[in-house]
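What follows is a single structure, written as structure tokens, with notes after it.
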Amino acid sequence: MMNDFQIDARRWRFLDNPARYIEGKKSDLKVEPLARQFKTAKEILRRFSDGRGVLLADDVGLGKTTVGVLVAWVVACQDKRVRIYAPNDVLRRRWAEELERHVPLLERLGARCDRIKQGDVGKLNAGRIQVATHHTLVKSHGNNEQRTSCHLMIIDEAHRAKGDGSAFNDALRTLGERAKRKLILTATPFSIRLAELEQLLRFVGATELEAVGRYANELRRLYSLGDGHDISAESKRLVGAAKAAIEELRPYLIRHGIDELSAVERRHFGAIGSDPWEIATEPASHDEIRLLLRMDRLLQLVPERKGERRNDPRFHIGWRHVGTELDRAAKRSAVGADRAALRHIAAAKKALGARSGKVHPKIAAVSAAIRPLLDAGEKVLVFCHHRATAGELLSALERSLKVPSALRSGTQEKAWREAWWSALPDASIQPDEPLLEPIINWLCSPGIRWQIGSWLEQPSACAKALADQFKRTRPRNAGTRVPTILEAARALVGVLLDAQSTSTRALLRNIAKGTRTFGGTSSHFPGRLDEGFRVMGSWSHDGNGDPPKTLYTGKPDIVLAVFNSPFGPDVLVTTDHLSEGVDLHRCCRYLIHYELDPSPVRTLQRNGRVRRVGSWAALTERPICYAYPTFAGTRDEKAVLIMRQRINAFGLLLGGVPSFDDDPTDSNESFAEAVLRDAGKTLKSLNMALGCA
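Positions in the sequence shown are counted from 1; adding 343 to them yields the working numbering.
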């Protein structure tokens, strides 16, 4: 099937001129990023013509979806069948939106919205593009060939297929053979083992990967060496293996890094701050260290499951999980009563009780670091790995960042309502839109009035003058490149009323019927600014205890819309369910990794939420800041150190980093780090050979 794929190169000549592509069109596409994306799409199509599939491994935020959409339209408009599989419904909708966004620009090619089919469509007609989820592909495993056969199969976030034996892995390996060409997209093609990269390359048709395997072996060997070996010699050996691996990768893999782009294009992403954003935490006390050691010992004596790990990183970054585990250990120890375990439980409960009502030192440090940022008009994104940790952090931030009610007063609501109704509707927002009223009600709620009022020198009491202030004033103390308050409000309304976001429109309909309101305790929308809360959370509640007041557990569309606007809560606390494939960069340049996932892949994905085209950092010309706070003197400090080393090493030929259990202070790793530092510049430069721009 691989040889039966003919496409007319004359049909993608538009890719030679990105400026003309968007000339005179209503689009937020920028020429500089689009020029690279066009070159990448052309190269992918050329490789398809040569009989190869492609793994596109551009950095997070470089617009792989746009590249995939361009390729999909070129193929579909030649009466071929295209199937796109995204990880979840949020990203499925994003793909559909991106496909629709290019329809007006590609009408002359034959692009039409009715060619796009979402969900499980079974047999796919010629010239159609199916947009479905990974789950749809897994369901198709074992069904007839018509449900998955196509000319082009695009797999987004394909690193999820790296685990041998997973249902998605099996489905992709089996059903992928029914596609004549395959395009795989992932910014993080592997986390620890280069074998994971080999696996993805085989999905797109690569067979000769011996040099990649040799490079992987050289990396493993490097970490087995120690003092007495020659750093320079090992560095040259590693570089030699890397050069051979690059040559083997080039026919199938394309990769661009943000830091390798031209200065003109890089400015659209924003720069990372030159000075690390350090959040100082009070070191753990002697009693706190004793408590943590007791908890480690209890995991040995009373494991929840046989073979459970000896330590739990959550013990070091919050007290709530410690209490939960103590209760569990006490119940298990009630049968068979291990005396040593009982002694540890009693002592640990006493130590934990002494901290009752006290905020964990790491939470206190993060809260102290966030407050001055909010006063300066910034938004802050905070990631946790576990819901229990996120819940404890969110509850504490609700209390510490709350605005006194005395500060939340201002111009009368009537003037605000008249101002918004006169200014907000335009050619794209009709005043008779029934769902517009609940949005304006929210914009006129006390909390939002207080927030917008803080951006205005003095909110006018006259509706006409107030509307004029909306048109002239830019939010959050930002510069002239940032949209005005009115422009930002119109953009938010467009997102809230988007037909693709059925969950948000359903909420708006309920509000319009009077069954729900934006403000107050009955709100089903994120944030409670009316009550002074400047923080919100987004994840599925685990059912243990009462959820934090500002936790939003529904579909995240409304959370993304509000956080990507200048309005609403200033801080978003979330788990890794928002760490992949979503935009959180429109009004935010500060990101805190409160709790880490063991994989650098997840950390890089998180960072990519705020470093994207059109970021707040780029618009305001201020740096992006990442923070990795630690509970000093505990294992948390070591875990963060290892993660930062692994992130620094990730750029060395797409990764090649030590396992999470390696000790960064032992002599073996010190030697390995020395070799990587010596070879680092050359290894990073080799990556540039994988680009096409």
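For every residue, glycine included, the Cβ atom is placed at its ideal position computed from N, Cα and C.
Collapsed DSSP secondary structure at residue i in the structure displayed
{"i": "Trp620", "result": "strand"}
{"i": "Val953", "result": "coil"}
{"i": "Asp1004", "result": "Residue placement at Asp1004 cannot be trusted, given a pLDDT of 40 that sits under 50; the coordinates are not used to answer."}
{"i": "Val944", "result": "helix"}
{"i": "Ala384", "result": "helix"}
{"i": "Arg929", "result": "coil"}
{"i": "Cys337", "result": "It is not possible to answer for residue 337, since the shown part of the chain is limited to 344 through 1036."}
{"i": "Cys456", "result": "helix"}
{"i": "Ile688", "result": "helix"}
{"i": "Val547", "result": "coil"}
{"i": "Pro376", "result": "helix"}
{"i": "Gln349", "result": "coil"}
{"i": "Leu1026", "result": "helix"}
{"i": "Gln936", "result": "One detail in the question is off: residue 936 reads as His in this sequence, not Gln. DSSP places His936 in strand when its eight states are reduced to three."}
{"i": "Glu488", "result": "The predicted model places Glu488 with a pLDDT of 49, which falls under 50 and marks its position as unreliable, so this point remains unresolved."}
{"i": "Ile597", "result": "strand"}
{"i": "Gln461", "result": "strand"}
{"i": "Thr479", "result": "helix"}
{"i": "Lys701", "result": "coil"}
{"i": "Ile660", "result": "coil"}
{"i": "Gln843", "result": "coil"}
{"i": "Pro626", "result": "coil"}
{"i": "Glu800", "result": "coil"}
Nearest candidate by alpha-carbon position, reference residue i, set the options
{"i": "Ala362", "options": "Leu448, His728 and Asp940", "result": "Leu448"}
{"i": "Ala869", "options": "Arg698, Gly911, Ser844 and Ala842", "result": "It is worth fixing the name first, because residue 869 is Pro in this sequence and not Ala. If we check each option's Cα against that of Pro869, Gly911 comes out closest."}
{"i": "Gly396", "options": "Arg458, Arg356, Ile527 and Gly462", "result": "Ile527"}
{"i": "Leu695", "options": "Ala683, Leu634 and Ala576", "result": "Leu634"}
{"i": "Cys805", "options": "Leu724, Arg436, Pro899 and Ala762", "result": "Ala762"}
{"i": "Cys609", "options": "Cys968, Glu964, Arg989 and Tyr969", "result": "Checking the sequence shown, residue 609 turns out to be Arg, not Cys. If we check each option's Cα against that of Arg609, Glu964 comes out closest."}
{"i": "Pro715", "options": "Ala559, Ser743 and Arg598", "result": "Ser743"}
{"i": "Leu840", "options": "Arg877, Glu800, Pro781 and Arg815", "result": "Pro781"}
{"i": "Leu872", "options": "Lys898, Leu903, Trp785 and Gly897", "result": "Trp785"}
{"i": "Leu835", "options": "Gly857, Ile387, Leu778 and Ile601", "result": "Leu778"}
{"i": "Met638", "options": "Asp885, Ala689, Phe906 and Ala711", "result": "Ala689"}
{"i": "Ile828", "options": "Ser797, Trp438 and His494", "result": "Ser797"}
{"i": "Ala384", "options": "Tyr364, Val403 and Val412", "result": "Val412"}
{"i": "Gln643", "options": "Asp681, Trp662, Ala677 and Gly661", "result": "Asp681"}
Residue range of the unbroken beta strand (DSSP E) whose run includes residue i
{"i": "Arg524", "result": "Ala522 to Leu528"}
{"i": "Ala429", "result": "Val425 to Ala429"}
{"i": "Leu495", "result": "Cys493 to Ile498"}
{"i": "Ala614", "result": "Element bounds for Ala614: n/a, residue is neither H nor E."}
{"i": "Tyr969", "result": "Cys968 to Ala970"}
{"i": "Leu398", "result": "Val397 to Leu399"}
Segment limits, alpha helix (DSSP H) that includes residue i
{"i": "Thr327", "result": "With the chain represented from 344 up to 1036, any question about residue 327 goes unanswered, as that position is not in the structure."}
{"i": "Ala585", "result": "Ile574 to Leu592"}
{"i": "Leu829", "result": "Ile828 to Leu839"}
{"i": "Leu669", "result": "Arg663 to Ser676"}
{"i": "Leu562", "result": "Glu553 to Leu565"}
{"i": "Lys407", "result": "Lys407 to Ala419"}
{"i": "Arg451", "result": "Segment: none, Arg451 is in no alpha helix (DSSP H) and carries neither H nor E."}
{"i": "Thr977", "result": "Premise fails: Thr977 is in no alpha helix (DSSP H) and is neither H nor E."}
{"i": "Tyr364", "result": "Pro361 to Ile365"}
{"i": "Glu440", "result": "Asp432 to Arg444"}
{"i": "Asp639", "result": "His629 to Leu644"}
{"i": "Leu823", "result": "What sits at residue 823 in the sequence shown is Thr, not Leu. Thr823 -> no alpha helix (DSSP H), and no H or E assigned at all."}
{"i": "Glu964", "result": "Per DSSP, Glu964 belongs to no alpha helix (DSSP H) and is neither H nor E."}
{"i": "Glu647", "result": "Note, Glu647: premise wrong, no alpha helix (DSSP H); not H, not E."}
Interface flag, residue i vs chain D, CB-CB below 7 angstroms
{"i": "Ala559", "result": "Of the protein chains in the structure, only one exists, and it is not chain D."}
> Should the segment 421-440 be regarded as contacting the segment 540-560, the criterion being three or more beta carbon pairs within less than 8 angstroms?
Replying inline: no
>> Could you check whether the segment 570-586 touches the segment 1018-1035, counting it as contact only if at least three pairs of C-beta atoms, one from each stretch, sit closer than 8 angstroms?
In response: Three or more pairs of CB atoms, one per stretch, sit closer than 8 angstroms, so the segment 570-586 contacts the segment 1018-1035.
> Given 8 angstroms as the limit, is there contact between the segment 611-630 and the segment 642-649, that is, 3 or more CB pairs closer than that?
Replying inline: no
>> List, from N- to C-terminal side, the alpha helix (DSSP H) runs of 4 residues or more that fit wholly inside the segment 718-789.
In response: For the segment 718-789, whole alpha helix (DSSP H) runs of length 4 or above, ordered along the chain, are 730-743, 756-766 and 779-786.
>> At 4 residues or longer, what runs of the alpha helix (DSSP H) sit wholly inside the segment 846-929?
In response: DSSP runs (the alpha helix (DSSP H)) wholly in the segment 846-929: 900-906.
> Quick check: the segment 769-781 against the segment 903-921, are there 3 or more CB pairs under 8 angstroms?
Replying inline: no
>> Taking contact to mean 3 or more Cβ pairs, one atom from each stretch, closer than 8 angstroms, check whether the segment 796-811 and the segment 931-939 are in contact.
In response: no
>> With a threshold of 8 angstroms, are at least 3 pairs of Cβ atoms found where one atom belongs to the segment 346-355 and the other to the segment 413-423?
In response: yes
>> I want to know whether the segment 375-394 touches the segment 435-449 - three or more CB-CB distances under 8 angstroms.
In response: no
> Would you call the segment 820-828 and the segment 948-966 touching, i.e. three or more CB-CB distances under 8 angstroms?
Replying inline: yes
> Does the segment 940-959 come close enough to the segment 599-616 to have 3 or more Cβ pairs within less than 8 angstroms?
Replying inline: yes
> On the three-pair Cβ rule with 8 angstroms, is the segment 655-671 touching the segment 964-982?
Replying inline: yes
> On the three-pair Cβ rule with 8 angstroms, is the segment 587-603 touching the segment 396-406?
Replying inline: yes
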